[in-house]
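Participant: I have a structure I would like to understand better, so I am pasting it below and will then ask my questions one at a time.
In full-length UniProt numbering, the protein residues as written are 1 to 575.
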């Protein structure tokens, strides 16, 4: 019996083995020495890694059969625990996906960190490697020298690719705030690279309060803007030289100029300031740089052109500096990337959800008129939201204070099951006839980040339960129950869809306090009167006439003089 138990356990071990293998410095060589490995280098505190985690788990689980079919495996390296290994492998940001084949790093994935594009990449690489292996076998049979030349070319190609990656290294690759010494600070002050720097003292209470926000700011600006900090207890004379008179002092260094930040220390205000002062509103990029930048944001806008960027594009880009990055490129490779030809440029594209949308206007982009700007802004407002918008400091106002009804998933970051369910709910909504003519946004709100907001606005306690509500910014009301007064659940999307089509029949709860409701009602009333001023004047005239007649008819004395005629009945009573 004991032997059978051991035998059964030995049989079950391969079945319960995790699809994605944890890789450590002492195991990486033995694991990757044979076969093909797709390895994710990540940090558990990286927000981008947390967002990618459900897609990675689903990917490694769904493609686990490739282990036996193609000797293809999935692995992960925790760079927070094994930083030396990640530095040795020249990992510049998180998450990074590298392809290893027979003990060699042969490629790095540069697409969007979503389930579908990574899956496509895996199958393409398996097909490519299989073709290369077969080709190498044929060449080996024909001539050994040819094989050696091919290996040399392949090695040179890999080295060239790694060199290109170094050239394309983006700022703040790890999403952390760098502790700066005197030499580095002086180099930054004279250089052209943007840095946002915090001057602080360890004993300062305001500095301690800012510390977690500063960490999150650095994470949010990974691969976008360098973030640093200077301990003024260690470098007092340097801090005095840079005009620090209180703590914390925040300064943006750009093109040799220091701009002092004096606004609110909230994350959203800091992000807005950095985005406004970290460079031009439209960034010129090459095709390779663009591939890197497109992985950073859910939505981007690209202007493909031959000459200079027109003022129309720059002026519109300034309005979205905190939410949507604008890029411009003359690189011909960008044309092929988006299936464009030279006759179709200049062209403006909006990229989201691994797809691109071409601005349909045919007029000249050089005409910076109000009608052209309004037309372009209307198009961006309509197309700017991805399938699932993850609410953050940069976009929460435009979504929760906009003109669209919001289907809001309030969910824990580790709840990958319900995250995938919500994505399916959104996908099926947009594919159905229900969505036609409906202005609806699907958004995800992380429970830990928005804990206080969720409790105050929607009266939802902080726990790990996934909740779905409908929020209508136009009337400041949210709906948590369907037509049958049952809570919305992701497993019953049909009831959610039916509710979206009949919002006026749902029981809504206002997010406003009593005095705010009075103010909003009064403001709406005045706005209506101003909008319909002609009808308002007619109504006011009629009402004034009735009031006047009432007062003159019931007045204590007969009116005999005045600009307007008065009326009093004649007393015909006789004794």
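For every residue, glycine included, the Cβ atom is placed at its ideal position computed from N, Cα and C.
Drop a sphere of 10 angstroms on the beta-carbon of residue 518, count the other beta-carbons inside from all chains shown, and report buried for 16 or more, exposed for fewer.
Facilitator: Counting Cβ neighbours within 10 Å, residue 518 comes out exposed, since fewer than 16 surround it.
Participant: Give me, in chain order, the residues of the same chain whose beta-carbon lies closer than 6 Å to that of residue 109; leave out the 5 immediate sequence neighbours on both sides.
Facilitator: The answer, listed in chain order, is 97 and 121.
Participant: Who are the Cβ neighbours of residue 633 in its own chain at under 7 Å, not counting the five residues just before and after it?
Facilitator: One cannot answer for residue 633 here, as it falls past the ends of the chain, which runs 1 to 575.
Participant: For residue 391 and residue 443, which I take to be in contact (beta-carbon distance under 8 Å), what is that distance rounded to the nearest angstrom?
Facilitator: So it is a contact: roughly 5 Å between Cβ atoms.
Participant: Does DSSP put residue 440 in a helix, a strand or coil?
Facilitator: It is a strand residue.
Participant: With DSSP as the reference, identify every bridge partner of residue 445, one or two as the case may be.
Facilitator: In DSSP, residue 445 forms a bridge with 410.
Participant: Here's the rule I'm using: 16 or more other beta-carbon atoms within 10 Å means buried, otherwise exposed. How should residue 200 be labelled?
Facilitator: Buried is the call here.
Participant: Rounded to whole angstroms, what's the CA-CA distance from residue 412 to residue 474? Just pull it up for me.
Facilitator: Taking the straight line joining both Cα atoms gives about 27 Å.
Participant: For residue 296, which option in 339, 354 and 279 has the closest C-alpha, if you only look at C-alpha atoms?
Facilitator: The residue with the shortest Cα to Cα distance from residue 296 is 354.
Participant: What ranges does the beta strand (DSSP E) occupy inside the region 306-337, keeping only unbroken runs of at least 3 residues that lie completely in it?
Facilitator: List check, beta strand (DSSP E) in window: 326-329.
Participant: Mind checking residue 526: buried by the 16 CB within 10 Å criterion, or exposed?
Facilitator: Answer is exposed; the Cβ neighbour count stays below 16.
Participant: Are the region 282-292 and the region 325-333 touching by the rule of at least three beta carbon pairs closer than 8 Å?
Facilitator: Yes, the region 282-292 is in contact with the region 325-333.
Participant: I'd like to know whether the C-beta atoms of residue 282 and residue 309 end up nearer to each other than 8 Å.
Facilitator: Cβ distance < 8 Å, so residue 282 and residue 309 count as in contact.
Participant: For residue 206, count neighbouring Cβ atoms within 10 angstroms of its own Cβ and tell me buried if that reaches 16, exposed if not.
Facilitator: When all chains shown are included, residue 206 counts as exposed.
Participant: Looking at the secondary structure, which residues open and close the alpha helix (DSSP H) in which residue 277 lies?
Facilitator: Residues 267-277.
Participant: In three-state terms, what does DSSP make of residue 367?
Facilitator: Correct three-state label for residue 367: coil.
Participant: Roughly how far, in whole angstroms, is the beta-carbon of residue 312 from the beta-carbon of residue 367, given that I think they are within contact range, below 8 Å?
Facilitator: With 8 Å as the limit, residue 312 and residue 367 qualify as a contact, their Cβ atoms being about 7 Å apart.
Participant: Closer than 8 Å is the cut-off here; do at least three beta carbon pairs connect the region 493-506 with the region 534-547?
Facilitator: These segments do not touch.
Participant: Would DSSP call residue 345 helix, strand or coil?
Facilitator: Coil.
Participant: Please report the distance separating the alpha-carbon of residue 55 from that of residue 114.
Facilitator: Taking the straight line joining both Cα atoms gives about 6 Å.
Participant: By the three-class DSSP mapping on this structure, what secondary structure does residue 419 have?
Facilitator: Helix, per DSSP.
Participant: Let me check you understand the geometry: is the CB of residue 301 closer than 7 Å to at least one non-hydrogen atom of the ligand ATP?
Facilitator: In the structure shown, the ligand ATP is absent, as is every other ligand, since no ligand is present at all.
Participant: I need the straight-line Cα distance from residue 446 to residue 545, nearest angstrom please.
Facilitator: Whole-angstrom Cα-Cα distance: 58 Å.
Participant: Could you give the DSSP three-state label for residue 499: helix, strand or coil?
Facilitator: It is helical.
Participant: Where do the ends of the alpha helix (DSSP H) carrying residue 585 lie?
Facilitator: The question about residue 585 has no answer here: the residues shown for the chain are numbered 1 through 575.
Participant: List the DSSP bridge partners of residue 251.
Facilitator: BP columns for residue 251 point to 197 and 260.
Participant: So the beta strand (DSSP E) residue 76 belongs to, where does it begin and stop?
Facilitator: Counting along the chain, the beta strand (DSSP E) containing residue 76 begins and ends at 72-78.
Participant: Here's the rule I'm using: 16 or more other beta-carbon atoms within 10 Å means buried, otherwise exposed. How should residue 246 be labelled?
Facilitator: Classification for residue 246: exposed.
Participant: According to DSSP, residue 98 sits in a beta bridge with which residue or residues?
Facilitator: Paired residues: 39 and 108.
Participant: Buried or exposed: residue 454, going by 16 or more other Cβ atoms within 10 Å of its Cβ?
Facilitator: When all chains shown are included, residue 454 counts as buried.
Participant: Under the DSSP definition of a beta bridge, which residues are partnered with residue 228?
Facilitator: Residue 228 pairs with 178 and 197.
Participant: Taking the alpha helix (DSSP H) that residue 50 belongs to, which residues open and close that run?
Facilitator: It spans 47-62 - the alpha helix (DSSP H) in which residue 50 sits, taken as one unbroken run.
Participant: Mapping the DSSP letters down to three states, classify residue 549 as helix, strand or coil.
Facilitator: Helix.
Participant: If you drop the 5 nearest sequence neighbours on each side, which residues of the same chain put their C-beta closer than 7 Å to that of residue 395?
Facilitator: For residue 395, where only same-chain residues beyond five positions count, the Cβ hits under 7 Å are 323 and 389.
Participant: Excluding five sequence neighbours on each side, which residues of the same chain lie with their C-beta closer than 8 Å to the C-beta of residue 93?
Facilitator: Cβ neighbours of residue 93 beyond the five flanking positions: 170, 173, 174, 175, 222 and 223.
Participant: Are residue 27 and residue 100 close, meaning C-beta to C-beta below 8 Å?
Facilitator: For residue 27 and residue 100, no; Cβs fall outside 8 Å.
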